[in-house]
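Peer 1: If you're matching positions, the sequence shown starts at 11 in our numbering and goes up one per residue. Don't be surprised by glycine CBs; every beta carbon is placed ideally from N, CA and C. Structure below; questions to follow.
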Amino acid sequence: MKRNFILTGMAFMIAGFFTCSTVAEAASWTYPDDMADLPYYEGLGTEESPYLINSAQQLADLAWHVNNGSSYEGVYFALTADIDLNPGFTFGTDGTVEGDGEPQAWVPIGHDWRYNMWFQGNFDGNGHTISGLYLDMTYLNNGLFGAVRNGVISNLNVKNSLAKGDVLTEDCNSVGFVVGWMETGKIDNCHNYGCSIYRDALSFTPDPFAFETFAGGIAGQLSYSSVNGCSNTGNIKCESVETGYIISTTSTGGIVGYIEGYEGCSVSDCKNSGNVYCSGMAGGIAGYMSIGGCSAARLSNEGEINGVFQSGGIIGYGEVAMLSECSNSGLVTSHDGSVIGGIAGRLSVHDSMSQCENTGRIIYDGKSTSGNKAAGLVADFMAGNATISECRNEAPVSGCGTLGGLFAYCDNGILKIETCYNAGEISLASCDEVLSQENLGGLIGNGIGCNEIKISDSYNVGNVTGGRNCTACGFGNIDVRQMDNCYNKGNITGSYAYGLIAGTADTLTYCYNEGDVYGLEEEYYSSEANAAGLVNVMAGKMLNCHNSGNVSTEKSYIYSPDFCHTAGLCLSLYNSDVEQCYNIGDVAGHFNSGGLFGVMATSSVSNCYNAGKVTGDKVTGGIAAIYDCNGNEADVIANTFSYGDVALASQESPDAKTGMFIGQIKTSGFTGENASLAVTNCYYKDTTGGLIPGVYQNDCADLSGLSACTEDDFASGRICVLLNGTQDPTPWGQDVGTDAYPLLNGKGNPDDVGIRLPESFTPESLEGQPVYDLQGCRVNAPLTSLHGIYIVGGRKVLLP
11 MKRNFILTGM AFMIAGFFTC STVAEAASWT YPDDMADLPY YEGLGTEESP YLINSAQQLA
71 DLAWHVNNGS SYEGVYFALT ADIDLNPGFT FGTDGTVEGD GEPQAWVPIG HDWRYNMWFQ
131 GNFDGNGHTI SGLYLDMTYL NNGLFGAVRN GVISNLNVKN SLAKGDVLTE DCNSVGFVVG
191 WMETGKIDNC HNYGCSIYRD ALSFTPDPFA FETFAGGIAG QLSYSSVNGC SNTGNIKCES
251 VETGYIISTT STGGIVGYIE GYEGCSVSDC KNSGNVYCSG MAGGIAGYMS IGGCSAARLS
311 NEGEINGVFQ SGGIIGYGEV AMLSECSNSG LVTSHDGSVI GGIAGRLSVH DSMSQCENTG
371 RIIYDGKSTS GNKAAGLVAD FMAGNATISE CRNEAPVSGC GTLGGLFAYC DNGILKIETC
431 YNAGEISLAS CDEVLSQENL GGLIGNGIGC NEIKISDSYN VGNVTGGRNC TACGFGNIDV
491 RQMDNCYNKG NITGSYAYGL IAGTADTLTY CYNEGDVYGL EEEYYSSEAN AAGLVNVMAG
551 KMLNCHNSGN VSTEKSYIYS PDFCHTAGLC LSLYNSDVEQ CYNIGDVAGH FNSGGLFGVM
611 ATSSVSNCYN AGKVTGDKVT GGIAAIYDCN GNEADVIANT FSYGDVALAS QESPDAKTGM
671 FIGQIKTSGF TGENASLAVT NCYYKDTTGG LIPGVYQNDC ADLSGLSACT EDDFASGRIC
731 VLLNGTQDPT PWGQDVGTDA YPLLNGKGNP DDVGIRLPES FTPESLEGQP VYDLQGCRVN
791 APLTSLHGIY IVGGRKVLLP
């Protein structure tokens with residue numbers, strides 16, 4: 011012991027010694043049976059003059075002292091040389107060992123936190139490398155350092171090492187090449203170069219959840235701790251054997267298996283390129299990351315991730331306050347019932363998720379649909395009150411279950427998505443069983459459980475291809491409070507197919523769809539087939555939206571046609587105001603088909619048009635298939651036209667109804683004497699010489715403001731002038747000779763079209779005078795309800 015004291019006193023005379031790059035050639039080391047020498051010869055153990063470690067034996071002696079009660083709390087150590095713990099041995103990334111005899115298994119520095127066997131000091135590797143580290147995983151906490159509490163491990167490399175547990179045991183709880191278990195500590199700038207972990211996880215108790223195994227390339231388990239600037243290139247594999255139990259508590263990660271804590275923790279600037287496999291939770295960075303009060307940032311994965319329960323390119327299962335600048339380019343896959351995502355399998359975000367991206371394929375290749383979810387970013391997302399911004403997926407997502415480009419399933423809280431997109435194809439695989447109606451979305455598969463969703467400046471360009479028991483959407487099966495400046499360009503296929511969303515939209519502004527939307531006959535439950543260019547239900551305000559994709563459905567044999575619609579914009583329009591919206595895609599459906607709407611009620615429409623061809627078998631209309639009267643006198647369709655051809659309804663059905671403007675006006679809910687709908691200053695292209703009227707029936711509507719026109723009328727520019735009327739600014743414009751009909755481009759009236767606008771009057775100024783529509787029929791409705799052009803006193807007047 012005197013030797014140690016004297017050399018320690020000489021530490022100041024060896025200036026800079028601990029930074030020299032030497033290699034310790036110790037051919038062997040022994041773990042002491044009794045009192046070991048102190049594990050240092052030079053230094054004072056302070057931050058300015060740390061104790062210096064330069065041999066394998068010194069590391070073994072340090073392990074003995076820590077495992078026998080010396081925690082070295084607040085003491086500083088520094089590595090001064092590269093150390094090989096098993097010279098002559100080569101450890102393969104596939105778990106193989108080459109060399110003479112058996113490698114010497116390392117005894118971790120602090121191997122059981124339950125008995126206070128932990129290191130509490132600060133260990134600086136100075137960029138040196140530990141090689142030949144062989145962990146047979148016979149201890150509770152396994153690693154170069156088994157258990158660390160209130161300590162710091164930094165600037166350390168590990169290579170040519172292996173952790174492998176072939177013997178079934180309960181004793182191994184955590185394993186990592188740098189640290190097995192850490193509490194309230196830090197790991198900084200540590201790197202695992204190609205060292206692999208192979209572990210069979212088994213509980214001997216009847217309760218499989220009573221035992222947990224955590225494995226990571228750098229650390230096994232961290233509590234209230236941080237890991238920053240670390241990397242792993244080794245393969246990590248932790249799986250259960252055939253026991254009849256499901257061991258979902260096994261967590262495996264490229265950097266850390268399990269990390270938890272609500273304060274004093276962070277995960278940042280870490281990278282994994284090794285493959286990770288786990289029978290429980292698997293992640294490129296962490297299998298399990300529950301740091302609800304902390305953040306994770308600048309994390310990346312390039313390795314293949316394969317798990318049974320929750321698997322993700324970055325996190326298998328997690329909870330974070332903020333997640334930012336994370337990326338995955340590795341394949342994420344599963345063969346069993348699971349939740350998998352490019353960033354995370356299951357994740358709860360309390361605050362924000364930003365600048366995260368996935369470019370790796372996401373594949374669930376099992377055959378069951380029960381509970382399975384797969385997504386480009388997060389499969390199972392708990393929103394909290396989160397803002398998702400500048401995130402993207404560019405890789406295909408496929409499998410059986412609920413699928414999404416960004417999220418497969420969203421639940422709880424308020425979700426705000428800004429400046430995000432999906433470019434990967436979302437496709438339903440061939441599944442053996444159909445247990446429920448599946449949901450596929452370019453952004454979100456199923457988000458109906460969210461309390462509120464707002465989406466802005468986002469888009470989908472990937473095809474979304476579902477099956478006959480599937481809802482497929484460009485954005486998702488979601489209800490949105492507000493959606494602004496969003497678009498879809500992918501083709502959409504499913505029994506319930508929508509260019510944007512399958513739920514209800516409160517506010518939809520400056521959104522459009524360019525992809526073809528195709529509704530398949532649903533064959534398992536109701537045999538329905540529904541499709542719309544934008545949304546299922548509109549219940550608020552739609553402004554400056556359009557569809558240019560073709561919308562069609564398969565022939566369905568459903569008993570009632572009331573639930574089977576095809577429409578250019580939305581299937582159901584209720585309690586809404588629609589302004590400056592249009593459809594130019596063909597609409598080909600069965601049962602009810604509308605150029606803009608399937609069913610319209612209690613709504614107002616202005617400055618809109620349909621120029622797509624509309625065909626159907628039951629009820630077909632150029633603007634709406636059905637208008638449902640309810641006695642509300644406020645409903646107005648104004649300054650709107652239907653230009654697309656409207657085909658005759660199928661003659662196979664005796665109750666077929668077709669209108670060039672509205673297919674059918676239903677009176678089932680109409681009990682009043684006055685008209686429920688006023689159509690003013692509206693036009694339709696009559697290509698049949700009056701064979702198909704503007705509407706099928708008009709019992710509860712005032713159609714005096716609806717006029718039939720020819721193609722020449724539309725091309726002349728005159729209708730453009732009439733549509734603009736006295737509106738300021740003018741929404742319509744037309745280049746005569748180029749545009750076949752007016753466009754919503756705001757260019758204003760064309761010149762010299764041979765029409766002069768009528769004088770504009772207020773209803774009060776005409777009180778008491780007889781008013782006639784343009785067909786010469788007297789109008790008995792109150793003047794305050796009229797809008798458009800009428801005849802008063804032998805001259806045309808405009809009621810704004």
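I'd like to check one pair, G297 with G326: are the Cβ atoms closer than 7 Å?
Peer 2: The residue given as residue 326 occupies position 316 in the sequence shown. The residue given as residue 297 occupies position 287 in the sequence shown. Cβ distance < 7 Å, so G326 and G297 count as in contact.
Peer 1: When DSSP builds the beta bridges, which residues end up paired with Q492?
Peer 2: In the sequence shown, residue 492 corresponds to position 482, counting from 1. DSSP lists K464 as partners of Q492.
Peer 1: What did DSSP end up calling T794 once you bin it into helix, strand or coil?
Peer 2: To locate residue 794, count along the sequence shown from 1; it is residue 784. Looking at T794 - three-state DSSP - the assignment turns out to be helix.
Peer 1: Please classify Y51: is it buried, with 16 or more other beta-carbons within 10 angstroms of its beta-carbon, or exposed?
Peer 2: Numbered from 1 along the sequence shown, position 41 holds the residue referred to as residue 51. It counts as buried.
Peer 1: According to DSSP, is L733 part of a helix, a strand, or is it coil?
Peer 2: One-based indexing of the sequence shown puts residue 733 at position 723. Reduced to three states, the DSSP call for L733 is helix.
Peer 1: Taking DSSP as the reference, what is the three-state secondary structure of F724?
Peer 2: Here residue 724 corresponds to residue number 714 of the sequence shown, with the count starting at 1. In this structure, F724 counts as helix in the three-state DSSP scheme.
Peer 1: Hey, would you say the C-beta of V731 is under 6 Å away from at least one heavy atom of the ligand ATP?
Peer 2: Looking for the ligand ATP in the displayed structure turns up nothing, as the structure carries no ligands at all.
Peer 1: If I follow the unbroken alpha helix (DSSP H) through D627, where does it start and stop?
Peer 2: Here residue 627 is taken as the residue at index 617 of the sequence shown, counted from 1. Premise fails: D627 is in no alpha helix (DSSP H) and is neither H nor E.
Peer 1: Would you list the one or two residues that DSSP bridges to R788?
Peer 2: Your numbering for residue 788 matches position 778 in the sequence shown. Partner(s): Y782.
Peer 1: My output table needs one value for Y520: the three-state DSSP class, helix, strand or coil.
Peer 2: Your numbering for residue 520 matches position 510 in the sequence shown. Reduced to three states, the DSSP call for Y520 is coil.
Peer 1: Mind checking Y272: buried by the 16 CB within 10 Å criterion, or exposed?
Peer 2: Translated into positions along the sequence shown, residue 272 becomes position 262. Classification for Y272: exposed.
Peer 1: Could you say which of F319, S81, A648 and C430 lies nearest to M363 if we only look at CA atoms?
Peer 2: Within the sequence shown, residue 363 is the residue found at index 353, counting from 1. The shortest C-alpha separation from M363 is found at C430.
Peer 1: Please classify Y469 as buried or exposed, where buried requires at least 16 neighbouring CB atoms within 10 angstroms.
Peer 2: To locate residue 469, count along the sequence shown from 1; it is residue 459. Buried is the call here.
Peer 1: For A354, list the residues DSSP reports as bridge partners.
Peer 2: Stepping through the sequence shown from its first residue, residue 354 is reached at position 344. Partner(s): I325 and V388.
Peer 1: If I'm right that P60 touches F99 with Cβ under 8 Å, what's the distance once you round it to whole angstroms?
Peer 2: What you label residue 60 is simply residue 50 of the sequence shown in a count that begins at 1. What you label residue 99 is simply residue 89 of the sequence shown in a count that begins at 1. Not a contact, Cβ separation roughly 30 Å.
Peer 1: Would you mind working out which of A292, N170 and G84 sits nearest D104, comparing C-alpha positions?
Peer 2: Taking the first residue of the sequence shown as position 1, residue 104 is located at position 94. The option with the nearest alpha carbon to D104 is N170.
Peer 1: Could you tell me the distance, in whole angstroms, from the CA atom of N183 to the CA atom of N479?
Peer 2: Counted from its first residue, the sequence shown places residue 183 at position 173. Counted from its first residue, the sequence shown places residue 479 at position 469. One C-alpha to the other measures close to 44 Å.
Peer 1: Among A439, Y149 and V388, which one has its Cα closest to the Cα of D421?
Peer 2: The count along the sequence shown starts at 1 and reaches residue 421 at position 411. Comparing Cα positions, the closest option is V388.
Peer 1: Could you check if M670 is buried or exposed, using at least 16 other CB atoms within 10 Å of its CB as the buried criterion?
Peer 2: By one-based count along the sequence shown, residue 670 stands at place 660. By the 10 Å Cβ count, M670 comes out buried.
Peer 1: Bridge partners of F101, per DSSP?
Peer 2: In the sequence shown, the residue the question calls residue 101 occupies position 91. V107.
Peer 1: Considering only C-alpha positions, which residue in the set D47, G120, E112 and A91 is nearest to A73?
Peer 2: Counting from one through the sequence shown, the residue named residue 73 turns up at place 63. The residue with the shortest Cα to Cα distance from A73 is G120.
Peer 1: Which residue wins for smallest C-alpha separation from Y1, given the options L69, C205, D749 and S300?
Peer 2: A query on residue 1 cannot be resolved here, the shown segment of the chain reaching from 11 to 810 and no further.
Peer 1: Taking the alpha-carbon positions, what's the T40 to G293 distance?
Peer 2: Within the sequence shown, numbered from 1, the residue matching residue 40 stands at position 30. Within the sequence shown, numbered from 1, the residue matching residue 293 stands at position 283. C-alpha separation (whole angstroms): 36 Å.
Peer 1: Could you tell me whether the region 544-563 touches the region 500-515, where touching means 3 or more Cβ pairs closer than 8 Å?
Peer 2: Counting Cβ pairs under 8 Å, three or more are found: they touch.
Peer 1: Should Y497 be labelled buried (16 or more other beta-carbon atoms within 10 Å of its own) or exposed?
Peer 2: Within the sequence shown, residue 497 is the residue found at index 487, counting from 1. Buried, since its Cβ has 16 or more Cβ neighbours within 10 Å.
Peer 1: Can T243 and G204 be called in contact, C-beta distance under 7 Å?
Peer 2: Counting from 1 along the sequence shown, the entry for residue 243 is found at position 233. Counting from 1 along the sequence shown, the entry for residue 204 is found at position 194. Yes. Within cutoff.
Peer 1: Which residues bound the beta strand (DSSP E) around H575?
Peer 2: What you label residue 575 is simply residue 565 of the sequence shown in a count that begins at 1. First-last of the beta strand (DSSP E) with H575: H575 to A577.
Peer 1: Where does N546 fall in DSSP's three states?
Peer 2: Taking the sequence shown and counting its residues from 1, the one referred to as residue 546 is at position 536. Residue state, collapsed to three classes: strand.
Peer 1: Could you tell me the boundaries of the beta strand (DSSP E) in which S705 lies?
Peer 2: Translated into the one-based positions of the sequence shown, residue 705 becomes position 695. According to the sequence as given, residue 705 is Val; it is not Ser. Premise fails: V705 is in no beta strand (DSSP E) and is neither H nor E.
Peer 1: For G302 and S276, what's the separation of their Cα atoms in angstroms?
Peer 2: Taking the sequence shown and counting its residues from 1, the one referred to as residue 302 is at position 292. Taking the sequence shown and counting its residues from 1, the one referred to as residue 276 is at position 266. Cα-Cα distance, rounded: 10 Å.
Peer 1: Assuming K281 and S241 are in contact, meaning their beta carbons sit under 8 Å apart, how far apart are those beta carbons, in whole angstroms?
Peer 2: In the sequence shown, residue 281 corresponds to position 271, counting from 1. In the sequence shown, residue 241 corresponds to position 231, counting from 1. That pair is a contact at about 5 Å.
Peer 1: Mind checking which residues open and close the alpha helix (DSSP H) that includes N77?
Peer 2: Position 67 of the sequence shown, counting from 1, holds the residue named residue 77. Start and end: A66 to N77.
Peer 1: Using the Cα positions of D3 and V162, report the straight-line distance between them to the nearest angstrom.
Peer 2: Examination of residue 3 is not possible in this model, given that the chain is present from 11 through 810 alone.
Peer 1: Leaving out five residues on either side along the sequence, give the residues of the same chain with a beta carbon under 8 Å from the beta carbon of A405.
Peer 2: Translated into positions along the sequence shown, residue 405 becomes position 395. Excluding positions up to five away in sequence, the list reads G352, N368, T369, G370, R371, I372, G386 and G434.
Peer 1: Is it buried or exposed for M552, if we count other Cβ within 10 angstroms and need 16 for buried?
Peer 2: Counted from its first residue, the sequence shown places residue 552 at position 542. Looking at its Cβ environment, which holds 16 or more other Cβ atoms inside 10 Å, M552 is buried.
Peer 1: For Y3 versus K623, is the C-beta distance shorter than 7 Å?
Peer 2: This structure cannot settle anything about residue 3, because the visible part of the chain is limited to 11 through 810.
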